[in-house]
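When you number the sequence shown by this note's numbering, it's gap-free, plus one each residue, and the end is 180.
Take a look at the structure below.
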Amino acid sequence: MSEAKWYVVHTYSGYENKVKANIDKTIENRHLEDQILEVRVPMQEVVELKNGVQKASQKKLFPGYVMIHMLMNDDTWYVVRNTRGVTGFVGPGSKPVPLTEEEMLPLGIKQENIVVDFKVGDTVTVTRGAWEGTVGVVQTMNEQKQSLSINVELFGRETPVELSFAEVKKMS
């Protein structure tokens, strides 16, 4: 099986977040989590001065573009290409060209492989993020995506939450 690479998709201007949401929903519906690993709208922190007050806000780094980390095959190409708001992949003709390592470095997207000491069934504690301090049992793990899911109690019901390996530690 080929390795996942980052591709750039051109969208209608202002539709970047809608395209991301639509692709994420399609991934979930068609169970393509192992083929389309991540969809990103690159953002940068900008400090603006308005009426003498400094205000930090997020601006799109590349308006009109969405980045997708995926395994390129006929199914994934079709799903992405036929998503509402997508005008096409970046590349000559209809052939998508993946980003090189050199192109990825300035974007701050690092491909760190975190080695973990837990497995499915182990109890972990969330160390940062919205679920910090939550304890849960590992339900699934995705080595390629460097993520896992645990069930947390939300409104009296067990709800799966996906976290990155860096956000959890094994309970001793």
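The C-beta atom is built at its ideal place from N, Cα and C for all residues, glycine as well.
Because the structure is a prediction, the values reported are computed rather than measured.
Residue i (DSSP reduced to helix, strand or coil)
i    : result
R48  : strand
W14  : strand
E161 : strand
E181 : Residue 181 lies beyond the range of the chain shown here (9 to 180); nothing can be said about it.
Proximity winner among the options, relative to residue i (alpha-carbon distances)
i    : options               : result
V160 : K103, V169, K28       : V169
I158 : K67, V132, M179       : V132
E175 : G164, R165, G144, L79 : G144
V128 : Q147, E110, N90, T142 : Q147
Report task. Run through the stretch 24-84 for me and flag every whole alpha helix (DSSP H) of 4 or more residues, listed as ranges in chain order. Result -> Runs found: 24-38.
Query - Secondary structure, alpha helix (DSSP H): runs of 4+ residues fully inside the stretch 90-140 - result: Note on the stretch 90-140: whole alpha helix (DSSP H) runs with a minimum of 4 residues are 109-112, in chain order.
Requested in this report: Would you check if the stretch 94-107 and the stretch 140-154 touch, i.e. whether three or more CB-CB distances between them fall below 8 Å?
Outcome: Cβ pair count under 8 Å is below three, so no.
Query raised in the report: Between the stretch 128-145 and the stretch 40-51, do at least 3 Cβ pairs fall closer than 8 Å?
Result: They do not touch, by the three-pair rule.
Query raised in the report: How about the stretch 10-21 and the stretch 88-99: do they share at least three Cβ pairs that are nearer than 8 Å?
Result: Yes, they touch.
Query - Any 3 or more C-beta pairs closer than 8 Å across the stretch 60-68 and the stretch 79-86 - result: Contact between the stretch 60-68 and the stretch 79-86 is absent, because fewer than three Cβ pairs lie under 8 Å.
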